[in-house]
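So the protein sequences, as listed, match chains H and C.
All the letters of the first sequence, read from the start, carry residue numbers 1 to 107 under the working numbering.
All the letters of the second sequence, read from the start, carry residue numbers 1001 to 1107 under the working numbering.
Ideal placement from N, C-alpha and C gives every residue a C-beta, glycine not left out.
Number of protein chains: 2
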Amino acid sequence: MIKVSVLYPYTPGARFNHDYYRDKHMPLVKARMGDSCLYYTVDKGLAGGTPDSPPAYIGMCHLFCESVEAFQRGFGPHAAEILGDIPNYTDLSPTLQISEVVVEKQA
Amino acid sequence: MIKVSVLYPYTPGARFNHDYYRDKHMPLVKARMGDSCLYYTVDKGLAGGTPDSPPAYIGMCHLFCESVEAFQRGFGPHAAEILGDIPNYTDLSPTLQISEVVVEKQA
Chain H
1 MIKVSVLYPY TPGARFNHDY YRDKHMPLVK ARMGDSCLYY TVDKGLAGGT
51 PDSPPAYIGM CHLFCESVEA FQRGFGPHAA EILGDIPNYT DLSPTLQISE
101 VVVEKQA
Chain C
1001 MIKVSVLYPY TPGARFNHDY YRDKHMPLVK ARMGDSCLYY TVDKGLAGGT
1051 PDSPPAYIGM CHLFCESVEA FQRGFGPHAA EILGDIPNYT DLSPTLQISE
1101 VVVEKQA
């Protein structure tokens, strides 16, 4: 399994609507990707390594897929619509990363 | 719930032993933190936004805790031992981020 991480770098003064991201954008992504996105997670950045330092990223999501090919197959046909929704919640440009899920969940 | 993300920036030529990280370091962290770490996840960076670009981070872990206080309570007393294990798998210095878990898992 792989995860596609979408990371929005914290930038003073930048706009990021966490409610829209959680309630509108991410459900849109999942609806369009269907089963090619197994599930997703959403984070809101609170702080860096010390409590009074800003986070590296103000918002993040992680899309879990069986493979890079599954992600591309699900996301590709809807890329224009999904990317076109970004200005509705932020003026930031995200960093993308693809990772292998080494440990999915260890309690 | 919060997550503490430990992010190791990809750096050409740097050392990172993914097996040690998965099999030794992360179990050590969980053993020392006990129930103050609800669970953790581990990722291995594969690529950036395009298949031939390097990932932003070569390795990541995310520690899920009830609160920042729970994390500090569980990690603090063992910080020296845990941080002292880092040279056993990498010569990189990680970036830390604390996030609010907005969506834990949405299928």
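- Shown here, Met60(H) sits in a strand according to DSSP, grouped into three states.
- The three-state secondary structure of Pro1012(C), taken from DSSP, is coil.
- In the pairwise beta carbon analysis, the stretch 1083-1091 of chain C is classified as touching the stretch 1001-1015 of chain C: at least three pairs are separated by under 8 Å.
- In the DSSP secondary-structure assignment, Asp1043(C) is bridged to Val101(H), Met1060(C).
- Remark: three or more beta-carbon pairs, one from each stretch, lie closer than 8 Å, so the stretch 1022-1038 of chain C and the stretch 1053-1070 of chain C are flagged as touching.
- In this structure, the CA atom of Phe64(H) is about 12 Å from the CA atom of Gly74(H).
- Ranked by how close their Cα comes to the Cα of Val29(H), the residues Asp43(H), His78(H), Glu66(H) have His78(H) in first place.
- With a threshold of 7 Å between beta carbons, Ser99(H) makes contact with chain C.
- DSSP places Ser1005(C) within a strand segment (E or B) once states are collapsed to three.
- Counting along the chain, the unbroken alpha helix (DSSP H) around Gly1074(C) starts and ends at 1068-1075.
- Looking from the CA of Ile58(H), the closest CA among Ile1098(C), Leu1046(C), Ser1053(C) belongs to Ile1098(C).
- When DSSP states are grouped into helix, strand and coil, Leu38(H) belongs to the coil group.
- Rounded to the nearest whole angstrom, the CA to CA distance from Met26(H) to Thr1095(C) is 26 Å.
- One alpha carbon belongs to Gly84(H), the other to Tyr20(H), and they sit about 14 Å apart.
- Ranking Val1004(C), Val1101(C), Asp1052(C) by CA distance to the CA of Pro51(H) puts Val1004(C) first.
- Think of a sphere of 8 Å around the beta carbon of Pro1055(C): the chain H residues whose beta carbon falls inside it are Gln97, Ile98, Ser99, in chain order.
- When C-beta distances to chain C are compared with 9 Å, the residues of the stretch 25-36 of chain H below that value are Met26, Pro27, Lys30, in chain order.
- Under the Cβ criterion of 7 Å, Asp43(H) is counted among the residues facing chain C.
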